[in-house]
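Chains A and B are the protein sequences, given in the same order. The opening position of the first sequence corresponds to residue 11 in my numbering, with each subsequent residue numbered one higher. The opening position of the second sequence corresponds to residue -19 in my numbering, with each subsequent residue numbered one higher. For each residue, glycine too, the CB sits at the ideal point set by N, CA and C.
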Amino acid sequence: MAVDIDRPPPLALAGRMVQSFAMRYSIGIGLIVAWQIATAHIHSIFFPTPVEILKHAIDLWLSGPAEHLFLSDAVFKDVLPSIGRLLTGWSLAVVFGTVLGVLMGRSRQLFDFADPILQFLRSLPGPALVPIFIILFGTETEMRIILIAFGTVWPVLLNTIDGVRAVDPVQIDTARSFRLPTSALIARTILPAAMPKIVAGAKISLSLAIILMVVSEFVASTNGIGYEILNAQMTLLLTDLWCGILLLALLGFCLNALFGFIEERLLYWHRGLHQRADR
Amino acid sequence: MERKRLLDVRQLSHRYATGHEAIGELTFGVDDGELVSIVGPSGCGKTTLLKSIAGLQKNTGGTVSVDGEPVNDVPKGLAMVFQDYSRSLLPWLRVYANVELPLRYQALGTEERHRRVAQSLEAVGLDAAAHAYPWQLSGGMQQRVAIARALAYQPRLLLMDEPFASVDAQTRADLEDLVRRVRYQFNATILLVTHDIDEAVYLADRVLVLSGSPSRILAEIAVDLPQTRDQITTRADDVFVQLRSRVAQLIRRQPHTEGNLEPTPI
Chain A
11 MAVDIDRPPP LALAGRMVQS FAMRYSIGIG LIVAWQIATA HIHSIFFPTP VEILKHAIDL
71 WLSGPAEHLF LSDAVFKDVL PSIGRLLTGW SLAVVFGTVL GVLMGRSRQL FDFADPILQF
131 LRSLPGPALV PIFIILFGTE TEMRIILIAF GTVWPVLLNT IDGVRAVDPV QIDTARSFRL
191 PTSALIARTI LPAAMPKIVA GAKISLSLAI ILMVVSEFVA STNGIGYEIL NAQMTLLLTD
251 LWCGILLLAL LGFCLNALFG FIEERLLYWH RGLHQRADR
Chain B
-19 MERKRLLDVR QLSHRYATGH EAIGELTFGV DDGELVSIVG PSGCGKTTLL KSIAGLQKNT
41 GGTVSVDGEP VNDVPKGLAM VFQDYSRSLL PWLRVYANVE LPLRYQALGT EERHRRVAQS
101 LEAVGLDAAA HAYPWQLSGG MQQRVAIARA LAYQPRLLLM DEPFASVDAQ TRADLEDLVR
161 RVRYQFNATI LLVTHDIDEA VYLADRVLVL SGSPSRILAE IAVDLPQTRD QITTRADDVF
221 VQLRSRVAQL IRRQPHTEGN LEPTPI
């Protein structure tokens, strides 16, 4: 009934895993090695070696006491607040984008009415709006969260509208024929059906959110990853600057990986359905 | 004993916005406990008819009433089995949850829901598949799930829109027998639309033969076969063969339309 997996013998399986690891990471590792060799050779203060960057990063962030999981104060002062703002803004965008997207996807009238305004608003680049947002919302955390939310709602909103519109009419007819109440029609037919598109939109939003988080901290802030990066640049603490970039890369990587896990659980049925259909 | 008239269709007609008249004029009824099949050439508006009866679509003329009440929106106690099971079953829910879903909004207790789901899955022979996803099952099994879902709902009227058109012949034979079996087990009133003439006669108490579009009823034929039927012996029976060829002749003379072609006069 279900798909059968032939399990190979353990040695062959281990060999296959090593091979897969090598294929995926060999280029990356190779590039890092090349980078180390190149920067060690050049000896420029603008280009510390990867080893130096890593050592300094550990100094900056992992030199705290054992009770804090070895995390330094800098983590609590800058990194965690930044991530908090990022996730809050992004979550607001996902919720708001999904709700509005379902409404606009279902109602042609609402869509025709709201679309021109939204097309205009979404074309405004987030970073350029920072000054206006400061005037409107001040210079504290709220402003940054609202900025992130405003800038990242668009992929979710547009994808949700698309997904809701594309729900199979047979599924809707089925729900209607069983007299499902509208709340159930939306929660149990339309939303799940549109979920693949919504999730795709949320994923794009996540990457945008990281950018906006950093940019929002370039102006009038007192803490945060973006603030520290800018600070490092202005005070010519170049290794700190590189560490900040490394941190951002790690942050993006981890968030995407985490999102990938959630996506896999949420959309298990979607993959199964389409694997079958492609046979 | 006078049987209650469950479905009353009077002068039903439907014209699309494009001007194409799918249904010309249909007047017929279905009594409580009957299995009526509707057969006609392709494109004669059979699906449009079912959608109008189900309240999924507003017809442009005529009336439909279920149990005396006129149909404006989907009436209570109506279940439908669609031709395309893979698009009708919800792929994010397992089989059990699919069958259970319509029952969740019916004000039954958890126990009653569970009982009905178990009973209908067993009736269609899928009690072992309750934890699978629909897309893990074969086509025939998926359509059984759809039938189980309809049966668990305990509808007054069960509509079936070419339910076996998308499965292979052997599976079709099994599913036809399944329908006859559960019909008595659940005391269901069934209106089944099909393009398969043999199926229409084999399953039904009465066969309605439709013309090409704009469709009207060419003939209403009572099926004088015993209640217990068998794929091999019944189909070889003289009465069956006669009925079958009568229906086939009526239909052969009909134009088969696709889209907006003008039907040729008979």
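In chain order, what residues of the stretch 104 to 130 of chain A put their CB closer than 8 angstroms to some CB of chain B?
none
Examine chain A for any beta-carbon lying closer than 9 angstroms to the beta-carbon of residue 67 of chain B, and answer yes or no.
The residue given as residue 67 of chain B occupies position 87 in the second sequence. Closer than 9 angstroms to the CB of residue 67 of chain B there is at least one CB belonging to chain A.
Delimiting residues of the alpha helix (DSSP H) encompassing residue 196 of chain B
In the second sequence, residue 196 of chain B corresponds to position 216, counting from 1. Not the alpha helix (DSSP H): residue 196 of chain B falls in the beta strand (DSSP E), residues 195 to 202.
Nearest-angstrom Cα distance between residue 290 of chain A and residue 225 of chain A?
The structure shown does not extend to residue 290 of chain A, since chain A is modelled only from 11 through 289, so no value can be given for it.
Determine, for residue 279 of chain A, whether the minimum Cβ-Cβ distance to residues of chain B falls below 9 angstroms.
Sequence index remark: in the first sequence, residue 279 of chain A carries index 269 (1-based). It does; some Cβ of chain B falls within 9 angstroms.
Kindly identify the DSSP beta-bridge partner or partners of residue 174 of chain B.
The residue labelled residue 174 of chain B in the question sits at position 194 within the second sequence. Per DSSP, B/19.
Coil, strand or helix - residue 43 of chain B by DSSP
Against the second sequence, residue 43 of chain B aligns to sequence position 63. In the structure shown, residue 43 of chain B sits in a strand (DSSP, three-state: E or B).
Checking contacts by CB at 9 angstroms: is residue 186 of chain A closer than that to chain B?
Counting from 1 along the first sequence, the entry for residue 186 of chain A is found at position 176. So yes, residue 186 of chain A belongs to the interface.
Does residue 154 of chain A get closer than 9 angstroms to chain B when you measure Cβ to Cβ?
For the purposes of this step, residue 154 of chain A is identified with residue 144 of the first sequence, where counting begins at 1. Not closer than 9 angstroms to any Cβ of chain B, the Cβ of residue 154 of chain A fails to qualify, so no.
Cα-Cα separation, residue 56 of chain B to residue 138 of chain B:
By 1-based counting over the second sequence, the position of residue 56 of chain B is 76. By 1-based counting over the second sequence, the position of residue 138 of chain B is 158. Those two C-alpha atoms are separated by around 11 angstroms.
Within chain B, the residues that residue 174 of chain A reaches when beta carbons sit closer than 8 angstroms:
To locate residue 174 of chain A, count along the first sequence from 1; it is residue 164. Per Cβ cutoff of 8 angstroms: no residues; residue 174 of chain A is ~15 angstroms from chain B at best.
For residue 11 of chain A, count neighbouring Cβ atoms within 10 angstroms of its own Cβ and tell me buried if that reaches 16, exposed if not.
Stepping through the first sequence from its first residue, residue 11 of chain A is reached at position 1. Confidence at residue 11 of chain A is low in this model, with a pLDDT of 49, below 50, so the placement of that residue should be treated as unreliable; the coordinate-derived value is given next. So residue 11 of chain A ends up on the exposed side.
Measuring CB to CB, does residue 204 of chain A end up less than 9 angstroms from residue 174 of chain A?
To locate residue 204 of chain A, count along the first sequence from 1; it is residue 194. To locate residue 174 of chain A, count along the first sequence from 1; it is residue 164. Contact flag set, yes.
Could you confirm whether any beta carbon from chain B is found closer than 9 angstroms to the beta carbon of residue 205 of chain A?
Here residue 205 of chain A is taken as the residue at index 195 of the first sequence, counted from 1. Yes - at least one Cβ of chain B is within 9 angstroms of the one on residue 205 of chain A.
Supposed close pair residue 28 of chain B, residue -6 of chain B - CB separation, criterion 8 angstroms:
Working through the second sequence from its first residue, we reach residue 28 of chain B at position 48. Working through the second sequence from its first residue, we reach residue -6 of chain B at position 14. 5 angstroms between Cβ atoms; contact.
Residue -4 of chain B to residue 130 of chain A, Cα distance in whole Å?
Locating residue -4 of chain B in the second sequence gives position 16, where the first residue counts as 1. Locating residue 130 of chain A in the first sequence gives position 120, where the first residue counts as 1. Distance from the CA of residue -4 of chain B to the CA of residue 130 of chain A, rounded to the nearest whole angstrom, comes to 38 angstroms.
Does the stretch 150 to 159 of chain A come into contact with the stretch 94 to 109 of chain A, if we say contact requires no fewer than three beta-carbon pairs (one atom in each stretch) closer than 8 angstroms?
yes
Counting only runs that start and end within the stretch 128 to 209 of chain A, where is the alpha helix (DSSP H) found for 4 or more residues in a row?
140 to 147, 151 to 175, 179 to 187, 192 to 195
In whole angstroms, give me the CA-to-CA distance for residue 176 of chain B and residue 19 of chain B.
For the purposes of this step, residue 176 of chain B is identified with residue 196 of the second sequence, where counting begins at 1. For the purposes of this step, residue 19 of chain B is identified with residue 39 of the second sequence, where counting begins at 1. Using only the alpha carbons, I get a separation of about 7 angstroms.
Give the residues of chain B in contact with residue 225 of chain A, contact being defined as C-beta atoms less than 9 angstroms apart.
If you number the first sequence from 1, residue 225 of chain A lands on position 215. Proximity of chain B to residue 225 of chain A at the Cβ level (cut-off 9 angstroms) is not reached, the minimal Cβ distance being about 37 angstroms.
Please list the partners that residue 180 of chain A has in chain B, where partner means a Cβ-to-Cβ separation under 8 angstroms.
Position 170 of the first sequence holds residue 180 of chain A. 62, 64, 67, 68, listed in chain order.
Say whether chain B places a C-beta atom closer than 9 angstroms to the C-beta of residue 194 of chain A.
The residue labelled residue 194 of chain A in the question sits at position 184 within the first sequence. Interface residue, yes.
Closer than 9 angstroms to chain A by CB, residue 21 of chain B
For the purposes of this step, residue 21 of chain B is taken as residue 41 along the second sequence, with counting starting at 1. Judged by the 9 angstroms Cβ criterion, residue 21 of chain B is not in contact with chain A.
Quick check on the burial criterion: 16 or more other C-beta atoms within 10 angstroms. Buried or exposed for residue 239 of chain B?
In the second sequence, residue 239 of chain B corresponds to position 259, counting from 1. Legend: pLDDT at residue 239 of chain B = 48, less than 50; position of this residue unreliable, value from coordinates given subsequently. By the neighbour-count rule (16 or more Cβ atoms within 10 Å), residue 239 of chain B is not buried but exposed.
Within the 9 angstroms Cβ cut-off, does residue 31 of chain B reach chain A?
The residue you call residue 31 of chain B lines up with position 51 of the second sequence. It does; some Cβ of chain A falls within 9 angstroms.
Are there three or more Cβ pairs, one per stretch, closer than 8 angstroms when the stretch 102 to 109 of chain A is compared with the stretch 157 to 176 of chain A?
yes
Chain A partners of residue 71 of chain B, CB-CB under 7 angstroms?
Taking the first residue of the second sequence as position 1, residue 71 of chain B is located at position 91. Neighbours of residue 71 of chain B on chain A, chain order: 279, 283.
Hey, could you find the ends of the beta strand (DSSP E) residue 5 of chain B is sitting in?
If you number the second sequence from 1, residue 5 of chain B lands on position 25. From DSSP, the beta strand (DSSP E) with residue 5 of chain B extends over 1 to 11.
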